[in-house]
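Numbering (our numbering), first residue to last: 96 to 257.
First the structure, in the form of structure tokens, and then the observations on it.
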Amino acid sequence: MPLSANHWIVAWRPRTLRHGLMLIVIAALLPLVIVGFIQSALVLDSVRAQIGNRLAASARAIAERERDSFIIARHSLGISSRRASIIDMNADCTAALQATLEETKNAVVNYVRTDAHGRPKCSAKAFDSDQEYSTAEWWQRTTSERDFTLSKPLIGPISKEP
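The structure is reproduced here in structure tokens:
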């Protein structure tokens, strides 16, 4: 036997005064709770978007600062590479590289001048003259380029620093 609409009204009719007050409080608070959940979901999305925007802005600022350091290093290296002492790899080569490194120490750990076979001839920091870079991937790529090159982070064989 199907239930009539009157049967539902009777089922929700308060049995006691306390039961009636509870139904009124629930009926009054239910829309507020629903609106609260909707607002919290919207605020959560907004907060996530703000955090993402703030992280992106920070990343752009850091990248810009790093880019400036590499531009300075590139120009310093370009100027230094025209010095006769560095080109000829003579006794003043180390001093010239040390001066260049002092100008760019925030961006660059070391400068090394090698011969055509990848053997270091002078360096801003002390080095092992028995080393040879000709088999290293970064050295081969650098010698094939005519411009400033960057590689993934490496532990420097001379400086022992990243």
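Built from N, CA and C at the ideal position, the CB exists for glycine as well.
Source: prediction; values computed, not measured.
#1: Which ranges does the alpha helix (DSSP H) cover as unbroken runs of at least 4 residues, wholly within the segment 148-203, from first to last along the chain?
#2: What residue range is occupied by the uninterrupted alpha helix (DSSP H) comprising residue 238?
#3: Could you tell me the distance, in whole angstroms, from the CA atom of residue 131 to the CA atom of residue 156?
#4: Any idea if residue 111 is buried or exposed, counting beta-carbon neighbours within 10 angstroms, 16 or more meaning buried?
#5: How would you write the range of the beta strand (DSSP E) that residue 216 sits in, first residue to last?
#6: Just reading off the beta strand (DSSP E) that residue 208 is part of, what are its end residues?
#7: Measure how close the beta-carbons of residue 251 and residue 205 come, nearest whole angstrom, since I'm counting them as under 8 Å.
#8: By Cβ distance, which residues of its chain are closer than 6 Å to residue 149, with the 5 residues on each side in sequence left out?
#9: Shortest alpha-carbon distance to residue 209 belongs to which of 198, 227, 142?
#10: May I ask you to report which of helix, strand or coil DSSP gives residue 226?
#11: Please look up how many angstroms separate the CB atoms of residue 192 and residue 219, rounded, as I've assumed it's under 8 Å.
#12: Under 7 Å, do residue 207 and residue 168 count as touching if we go by C-beta distance?
#13: Let me make sure I understand the geometry here. Which of 164, 118, 147 has the alpha-carbon closest to that of residue 197?
#14: Helix, strand or coil for residue 110 per DSSP?
#15: I'd like to know whether the C-beta atoms of residue 175 and residue 195 end up nearer to each other than 7 Å.
#16: In or out: residue 215 buried (at least 16 other Cβ within 10 Å) or exposed?
In terms of the structure at hand:
#1: 179-183, 188-198
#2: 232-239
#3: 37 Å
#4: exposed
#5: 215-218
#6: 207-209
#7: 6 Å
#8: none
#9: 227
#10: coil
#11: 4 Å
#12: no
#13: 164
#14: coil
#15: yes
#16: buried
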